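Protein chains in written order, with the working numbering: chain A, 82 to 254; chain B, 2 to 240.
Note that CB positions come from ideal geometry on N, CA and C, so glycine has one too.
This one's a predicted model, so the numbers in the text were calculated from it and none came from an experiment.
Working notes for the structure below.
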Amino acid sequence: MVGQGNQRKGLKTRKQQRLLVLSAAVATLVGAVLLVLFALGGDSLSLFLQPSDVKAKQIAAGQHFRLGGLVEAGSFSKAEDGLTYHFTVTDCVATLPVQFKGLLPDLFREGQGVVTEGELNAEGVFVASTVLAKHDENYNPPGTLPKSADQCVHPGDAPYQALDQAPDTVTGR
Amino acid sequence: MHRFANPAQFNRLADAVMPWAMIATVLLFGAGLYYALIGSPPDYQQGESVRVMYVHVPAAWMGMFIYVVIAVASFVALVWRHPLALLAGKAAAPIGATFTALALITGMLWGKPMWGTYWVWDGRLTSVLVQFFLYLGYMALWKAMDDEEKAGNAASILALVGVVNIPIIKFSVDWWSTLHQPASVMRLDGPTIDGTMLVPLFLMAAAYQVYFIVVFIWRMKLEVNNRKLSVMRGSGMEN
Numbered sequence: 082m083v084g085q086g087n088q089r090k091g092l093k094t095r096k097q098q099r100l101l102v103l104s105a106a107v108a109t110l111v112g113a114v115l116l117v118l119f120a121l122g123g124d125s126l127s128l129f130l131q132p133s134d135v136k137a138k139q140i141a142a143g144q145h146f147r148l149g150g151l152v153e154a155g156s157f158s159k160a161e162d163g164l165t166y167h168f169t170v171t172d173c174v175a176t177l178p179v180q181f182k183g184l185l186p187d188l189f190r191e192g193q194g195v196v197t198e199g200e201l202n203a204e205g206v207f208v209a210s211t212v213l214a215k216h217d218e219n220y221n222p223p224g225t226l227p228k229s230a231d232q233c234v235h236p237g238d239a240p241y242q243a244l245d246q247a248p249d250t251v252t253g254r
Numbered sequence: 002m003h004r005f006a007n008p009a010q011f012n013r014l015a016d017a018v019m020p021w022a023m024i025a026t027v028l029l030f031g032a033g034l035y036y037a038l039i040g041s042p043p044d045y046q047q048g049e050s051v052r053v054m055y056v057h058v059p060a061a062w063m064g065m066f067i068y069v070v071i072a073v074a075s076f077v078a079l080v081w082r083h084p085l086a087l088l089a090g091k092a093a094a095p096i097g098a099t100f101t102a103l104a105l106i107t108g109m110l111w112g113k114p115m116w117g118t119y120w121v122w123d124g125r126l127t128s129v130l131v132q133f134f135l136y137l138g139y140m141a142l143w144k145a146m147d148d149e150e151k152a153g154n155a156a157s158i159l160a161l162v163g164v165v166n167i168p169i170i171k172f173s174v175d176w177w178s179t180l181h182q183p184a185s186v187m188r189l190d191g192p193t194i195d196g197t198m199l200v201p202l203f204l205m206a207a208a209y210q211v212y213f214i215v216v217f218i219w220r221m222k223l224e225v226n227n228r229k230l231s232v233m234r235g236s237g238m239e240n
């Protein structure tokens, strides 16, 4: 009887040991991987740079990178050849003019996100070889207002909530 | 815990749950598909393409949920030597891999017209692809060894190592700049999806969940029977 009791106790301890070792191993591994990811920093794992990053890093002309941000409202124009587009990408801090020749995706529009790939030219214009449209987190029926505002709110603009009373301001995009 | 370790107990529970889960699957898929395809409005930006979301988002959720199920089952199997837990992970893995593949494929089909590309190597897309490979690796390890228990242990350790990928998938869109949109449902300030679109999304998520329960029970029974068969064969050879 005593021997059986000890055996049961021994078994229990082995289970507890396994529980402890495995929990510690998983916690250590998760912690280590997340620390490595944070040590690498957001930059190397991020898909694109924003205009203020580009200014801060003083990226030289001719260096290939991805630029992302919002297409500034009122900045879009089509050149006379009908194929080249000009627009400004903003992160609400800095802006960068972009030039692109090609087909724009369906979701491309002013005030919405965009991810472009290319390089700066000597004049400081970002010449894009690809333009991808970035969808934001809002899903709404036509004629309603998105819940979360991605647009840059400029001083003097009506606060976002106030727009709730005038739903027709967005539909006419 | 050990009540469920008994295959007879498991079979009784499974047989009780099964008919209800099957009825719920049919009803929820019926309602979910109606609201996803007909009974909900188009999106103000995407138009009708928004309907891909009702297939894509619940599939991505299920891919992550089933991975966590496998990881918990692996943990229980390794610590408490719980034979049914080991089989639960094995039974769930192909279902989770399929949901992850469905999320990847529907995402690509949506991405081409909306983003302008099928694929970019951003944090979200890459981490979900890694999850798909973790599923494949888990299933491959089960097949890699003749000794079922050794194979199960090796696969369980891989499942636990891959758990780190779950928070990476979830927060990839917050930690790094990505092409994939940020969270729309599970966010601190509440969903940014209109109520008319949340109805089909949640119906489809519930339909996927009960569908998973049905297929999971089927596959569990299969694994339990396979195990019984190999034990019987083993004892037969001894005689």
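Could you pull the DSSP bridge partners for residue i from this structure?
{"i": "A/F207", "result": "A/V179, A/L201"}
{"i": "A/Y166", "result": "A/K159, A/F181"}
{"i": "B/F100", "result": "Partner(s): none; B/F100 has no beta bridge."}
{"i": "B/A86", "result": "None; B/A86 has no bridge partner."}
{"i": "A/R95", "result": "Bridge partners of A/R95: none, in fact."}
{"i": "B/D44", "result": "B/G48"}
{"i": "A/V146", "result": "Reading the sequence as shown, one finds Phe at residue 146 of chain A and not Val. Paired residues: A/G199."}
{"i": "A/L130", "result": "A/L148"}
{"i": "A/T171", "result": "A/L151, A/T176"}
{"i": "B/A32", "result": "According to DSSP, B/A32 bridges with nothing at all."}
{"i": "A/Y220", "result": "B/I194"}
{"i": "A/L213", "result": "A/V196"}
Apart from the five residues just before and just after residue i, which ones in its own chain have a Cβ nearer than 6 Å to its Cβ?
{"i": "A/H167", "result": "S158, Q180"}
{"i": "B/Y119", "result": "M109, G112, K113"}
{"i": "B/V77", "result": "H83, A86"}
{"i": "B/A15", "result": "I218"}
{"i": "B/P8", "result": "V225"}
{"i": "B/T107", "result": "V53, V56, H57"}
{"i": "A/A247", "result": "Confidence at A/A247 is low in this model, with a pLDDT of 37, below 50, so its placement is unreliable and the value that follows should be read with caution. None."}
{"i": "B/V121", "result": "L180"}
{"i": "B/G40", "result": "none"}
If I measure Cβ to Cβ from residue i and keep anything under 8 Å in the same chain, skipping five residues before and after, which residues do I get?
{"i": "A/R147", "result": "L128, F129, L130, V196, T197, E198"}
{"i": "A/N87", "result": "At A/N87 the pLDDT is 48, less than 50, meaning the model places this residue with poor confidence; the figure from the coordinates comes in the next sentence. No residues qualify anywhere along the chain."}
{"i": "B/M146", "result": "A152, A155"}
{"i": "A/L164", "result": "K182, G183"}
{"i": "A/L118", "result": "L126"}
{"i": "B/L130", "result": "L105"}
{"i": "A/F189", "result": "V152, V195, V212, A214"}
{"i": "B/L204", "result": "L29, A32, G33, Y36, A37"}
Where does residue i land, buried or exposed, given buried means 16+ other C-beta within 10 angstroms?
{"i": "A/Q139", "result": "exposed"}
{"i": "A/S125", "result": "exposed"}
{"i": "A/L177", "result": "buried"}
{"i": "A/E153", "result": "buried"}
{"i": "B/T179", "result": "buried"}
{"i": "B/S128", "result": "buried"}
{"i": "A/Q242", "result": "Reliability fails at A/Q242, whose pLDDT of 35 lies under 50, so the model's placement of it is uncertain and no value is given."}
{"i": "B/G191", "result": "exposed"}
{"i": "A/H235", "result": "The predicted position of A/H235 is uncertain, since its pLDDT is 46 and thus under 50; no value can be drawn from it."}
{"i": "A/A142", "result": "exposed"}
{"i": "B/K229", "result": "exposed"}
{"i": "B/W116", "result": "buried"}
{"i": "B/R13", "result": "exposed"}
{"i": "A/L201", "result": "buried"}
{"i": "A/S210", "result": "exposed"}
{"i": "B/R125", "result": "buried"}
{"i": "A/A105", "result": "exposed"}
{"i": "B/I71", "result": "buried"}
{"i": "B/M187", "result": "exposed"}
{"i": "B/L202", "result": "buried"}
{"i": "B/Q46", "result": "buried"}
{"i": "B/S231", "result": "exposed"}
{"i": "A/P223", "result": "exposed"}
Under 7 Å Cβ to Cβ from residue i, same chain only, skipping five residues before and after it: list those, please.
{"i": "B/F142", "result": "It should be pointed out that residue 142 of chain B corresponds to Leu in this sequence rather than to Phe. A152, A155, A156, L159, listed in sequence order."}
{"i": "A/L185", "result": "Y166, V212"}
{"i": "B/T101", "result": "G64, V129, Q132, F133, Y136"}
{"i": "A/L100", "result": "none"}
Please report whether the beta-carbon of residue i lies at a distance below 8 Å from any beta-carbon of chain C.
{"i": "A/V135", "result": "Given the protein chain composition of this structure (A and B), no chain C is represented."}
Subject >> Ranges of the alpha helix (DSSP H) found wholly within the segment 165 to 232 of chain B, counting only runs of at least 4 >> reply: 166 to 176
Original post:
Using Cβ-Cβ distances below 9 Å, what residues of the segment 165 to 192 of chain A are close to chain B?
Top reply: Here the close residues are L184, L185, P186, D187, L188, F189, R190.
**OP:** With 9 Å as the C-beta to C-beta threshold (strictly closer), list the residues of the segment 188 to 216 of chain B near chain A in chain order.
**Re:** R188, D190, G191, P192, T193, I194, D195, T197, M198, L199, L202
Original post:
Listed from N- to C-terminal order along the chain, which residues in the segment 198 to 228 of chain A have their beta-carbon within a distance smaller than 8 Å of any beta-carbon of chain B?
Top reply: T211, V212, L213, A214, K215, H216, D217, E218, N219, Y220, N221, P222, P223, G224, T225, P227, K228
**OP:** Select from the segment 106 to 123 of chain B all residues with a C-beta closer than 8 Å to any C-beta belonging to chain A, and list them in chain order.
**Re:** P114, M115, W116, G117, T118, V121, W122, D123
Original post:
Taking a cut of 9 Å between CB atoms, which residues from the segment 25 to 47 of chain B lie near chain A?
Top reply: S41, P42, P43, D44, Y45, Q46, Q47
Subject >> Near-chain A residues of the segment 48 to 60 of chain B (beta-carbon distance less than 9 Å), N- to C-terminal order >> reply: G48, S50, V51, M54
Original post:
Which residues, in order along the segment 136 to 163 of chain B, keep a beta-carbon less than 8 Å from a beta-carbon of chain A?
Top reply: L161, V162
Original post:
Using a Cβ cut-off of 8 Å, which residues of the segment 86 to 105 of chain B contact any Cβ in chain A, in chain order?
Top reply: Listed by position, the residues of the segment 86 to 105 of chain B near chain A (Cβ gap below 8 Å) amount to none.
Original post:
When Cβ atoms are compared, which residues of the segment 136 to 150 of chain A fall closer than 8 Å to chain B?
Top reply: G149
Original post:
When you check each C-beta in the segment 162 to 184 of chain B against every C-beta of chain A, which residues fall closer than 8 Å?
Top reply: V162, V164, V165, P168, I169, W176, W177, S178, T179, L180, Q182, P183, A184
**OP:** Give, in chain order, every residue of the segment 152 to 163 of chain A whose Cβ lies closer than 8 Å to some Cβ of chain B.
**Re:** Answer set for the segment 152 to 163 of chain A: empty.
**OP:** Report the residues of the segment 9 to 21 of chain B with a CB closer than 8 Å to any CB of chain A, ordered along the chain.
**Re:** Considering only beta carbons, no part of the segment 9 to 21 of chain B lies closer than 8 Å to chain A.
**OP:** Would you list, in chain order, the members of the segment 66 to 80 of chain B that have their beta-carbon closer than 7 Å to a beta-carbon of chain A?
**Re:** F76, L79, V80
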